[in-house]
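Going by the working numbering, the sequence shown opens with residue 154, and the numbers climb by one from there. Glycine included, each C-beta is placed from N, C-alpha and C at the ideal position. Model, not experiment: these values are computed from the prediction. Structure first, commentary second.
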Amino acid sequence: MGTGIDLNAAVEEHAARAAAAPHGRSAHLLLHDGVLRQTVIALTAGTALDEHNAPLAASVQVLRGRVSLTIAGRRVELTAGQLHPVPQERHGLLAHTDAVVLLTTVTG
Numbered sequence: 154m155g156t157g158i159d160l161n162a163a164v165e166e167h168a169a170r171a172a173a174a175p176h177g178r179s180a181h182l183l184l185h186d187g188v189l190r191q192t193v194i195a196l197t198a199g200t201a202l203d204e205h206n207a208p209l210a211a212s213v214q215v216l217r218g219r220v221s222l223t224i225a226g227r228r229v230e231l232t233a234g235q236l237h238p239v240p241q242e243r244h245g246l247l248a249h250t251d252a253v254v255l256l257t258t259v260t261g
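This is the structure:
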């Protein structure tokens, strides 16, 4: 068995990478196990991920900051410590503050 993933270190690393990136984003696939994927995504304040199609199943957990999950013209605001399912419809993500989320997906 491996040593596991240091999620706090990943948060710090990708928050710093997003701050230094011209597009204000950093993402890294932390875990890929069959159909399960977990990705850390860091966004600077005001940065968005445009609407895109949903995977088979997904959730977003806010590790730092405040974001909105945008779904069909409405917003669900989430803050650090909150976990929310990603609906089976087009969606996006907007960072209100510098933020880091953990995206968990199950693909077909």
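Element boundaries [beta strand (DSSP E), containing E165]:
Segment L160 to A173 is the alpha helix (DSSP H) holding E165; no beta strand (DSSP E) there.
Would the beta-carbon of T258 fall within 7 Å of that of R190?
yes
Assign L209 to one of two classes, buried (16 or more other C-beta atoms within 10 Å of its C-beta) or exposed (fewer than that).
exposed
Quick one, which of P238, H176, I194 and R178 has its alpha-carbon nearest L184's?
I194
Give the range of the beta strand (DSSP E) segment to which Q241 is assigned.
Segment: none, Q241 is in no beta strand (DSSP E) and carries neither H nor E.
By how many angstroms is the C-alpha of P240 removed from the C-alpha of A168?
26 Å
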